[in-house]
Structure formats: structure tokens, C-alpha cells
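Read the sequence shown against the working numbering and you will find it ends at 343, with the numbers running on by one and no gaps.
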Amino acid sequence: MTGSATKPNPSAIDALGEAISHMRAKLFPFSFLGWLTLAFVSLIESCGSSGGGTPNPGSQMGGKFRPPSFDNPAQLIEEVSAWIVSHMVLLVGVVLVIMLLSLVIVWLRSRMIFVYLDDVATGRFDLVRPWKQHAALADSFFGMSLIVQGAMFILILLIAAMGVLFIVWAGTRDLGIGAIAMGIIPLAFLFVVSLLAAGVVNMFLRDFVAPIQVSRDIGARDAGGIFVSMFSARPGLFVGYALLRLVVGIAVAIGMAIVGCMTCCIGFLPLVNQMLFQPVYYTERAWSLRLLAQLGDDVIHKVIPPPAAAYEENSSDEPTGPIDLSAIDFDKPYPQG
């Protein structure tokens, strides 16, 4: 069930203008505690894809560290394999810790996506209420995010592994630089495309699937199916939105870099950055909500607190007209019981 009628000609540019107006109406006059709350929420929400470092697979034998030799690929593979075997327990522990931290970050981000979405839609500065109110929807979104992002991560990892194996194989065959480049360029292209695809999919999940969940009070799987139908019906609209969002993002990043340098790099501190540029982040979050409203899913009117309902008087409580006492027969006994 949608919250409003579909606009005849939805436009990402018009939605951006509506988002700016929404930001002006909700963020001002300035509230320090309110902006600080929003800055904290949006900061956690932006921690979507954090990667952990992995140990450098150098060779450590006989208590002395020796960097691997790239002149002999076979020897390199042998030394790396020996290092992995000798440090298997450490590697497994590091991988488990990284996986656990990644799960916590993705879960926390999923919750904060719905908190920030609710705050932007309603114009409030809440944390606890939307955290509890949208818990079930956020957990469903978390499950879908794990599946989608996990699949994209495996794809990217496989492409990277293919590139490394090809370089090692080419080294054993003494191929020239030209031949190696001809083989590695397609893999590098696939790697970049897969990274871009992962970013776009993650953006669509956050910008559209999560709001559709709130608008229709459904799980992430059903919301994803609805978004796919929307995309199939208007692919140009969503592609244009993604491209326009990219252009605006580049311009905003340049502006943030200039301001950060002008503030002696204080503006680059995460929480300070979120406070300084909260109108930008707020507008960006409201952008997709306004676009969805044009398509019939008005998330803002779905979650905004309804006005106090007017007191509806019962018809039996309505004031009566003047009573005609002459029509009453006072000699007639009053019925008992």
C-alpha cells in the first residue's frame, strides 16, 4: 500500500530540490544537540564497508625476516605457502576477528540506516525510539545486506585472485610485459567494474529498499522485489539518479576537502565533519525519499507523527434543541426498570 499517488513525470532533479527544501524546514533553526545526534547516527550509518588489514605474507624463517623474491615465482609460492602453514593459527584468529567485527559493523549500520531515515523523514532528533520501532525491518535488511554484499565480496576476491595467479603464472613462463598487460587489463577492468557494481547495489539497498520497507512495513526481500519492479519500469530514472548522485558527490567531496584544509584539517575529523556538513548529509538522505514519494511510496508521510486527532463527539452527546415541556404528559407514570 503506497502513501501517495504516483507523479506523472518523476524527476531526480526535482526530488533533489524537494530534498533541499525539506532540509531547510527540518534542520533550522539550529539545534546543537539535535545536529550532534544526527551527526553520530549518520557517522555510524556511513561505516558500510570497512576492511581489515591482513598480515604481509613475507617469509620469516630462522628468526630473521626476509622479503619474498619476485625473481623466481616458484620460490615465491613456496615461501608464501611455508609462511601460511607456520602461521596458520594466527591467520585463522585474525580472519575470525575480522569477520566478527565486520558482522557487528554491518548490523550496527543496518540499524542506523533506519534510525537516520526516520529522523530525516520526521524532522526529529531521536535515537532510541526509531532504533526500537524499526528493529525488525533493520534486522531483515541486515540479512539481505549480508547475502548481497557477501556475494559481491566473493566475486571481487575471485577476480583479484585470478589476477594474482595470472601474474605468477606469467612469471613462470617468462612472458613479456606486453603479453602480461594484455592478460591483466581485462581482469583489471572486471575488478573495477565489480567494485562499481558493488557500490551501486549497496547504494540502491540503502536509498530505496530500506525506505520501501518502512513505507510498506515489509521485509527486505519483498522490498527488494518491489524495487526491481520499479527499476524495470523506469530504468532511465534510476540510472539518471545514480549518475547525478555521483556528480553531486564529487562536487561535494571537493568542497569538503577545501573546507577541511581551511580549518587546519579539523574538518576532516569524522564527527566534526558530520556536524559541519550535516545539511549535505541530511539532503542526500532525503533525496531518495522524495524520489520515492514521486513514485507513490511517501515514506515521509508514513513515519511522520500524525497530528493530534480532533475530538470526535458522539452523536448521542450532541447538544439538543429546546425541550417542549407542553408535549410531556406528567400524569403518565414513569416506566420502571
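Every residue, glycine too, gets a C-beta built ideally from N, C-alpha and C.
As the structure is a prediction and not an experimental result, all values here were calculated from the model.
Here PHE34 is exposed: its Cβ has fewer than 16 other Cβ atoms, across all protein chains shown, within 10 Å. Each residue's CA atom was taken as its position, placing GLY266 and GLY23 some 26 Å apart. The segment 145-156 makes contact with the segment 109-122, as at least three CB pairs between them are under 8 Å. A straight line joining the alpha-carbon of GLY40 with that of VAL170 spans about 49 Å.
Ranked by Cα distance from THR12, the options LYS308, VAL309, ILE310 and ASP304 are led by ASP304. Following the DSSP letters along the chain, one finds HIS93 in no alpha helix (DSSP H), marked with neither H nor E.
Per DSSP, the continuous alpha helix (DSSP H) segment holding PHE237 begins and ends at 226-239.
A contact between stretches requires three or more CB pairs, one per stretch, nearer than 8 Å, and the segment 204-214 meets this requirement with the segment 152-166. Excluding sequence positions up to five before and after SER52, its CB lies less than 7 Å from no other CB in the same chain. For the pair TRP293 and GLY302, the Cα-to-Cα distance works out to about 15 Å. Apart from the 5 residues on each side of it in sequence, PRO217 sits with its Cβ closer than 8 Å to the Cβ of LEU123, SER294, LEU295, LEU298, ASP303 and VAL305 in its chain, given in chain order. Across the structure, VAL174 and LEU106 are spaced so that their CA atoms are roughly 32 Å apart. Leaving aside the five residues that flank ARG117 on each side, the residues in its chain whose CB is nearer than 7 Å to its CB run, in chain order, TRP137 and ALA144.
If you check the CB distance, ILE224 and SER200 do not come in under 7 Å.
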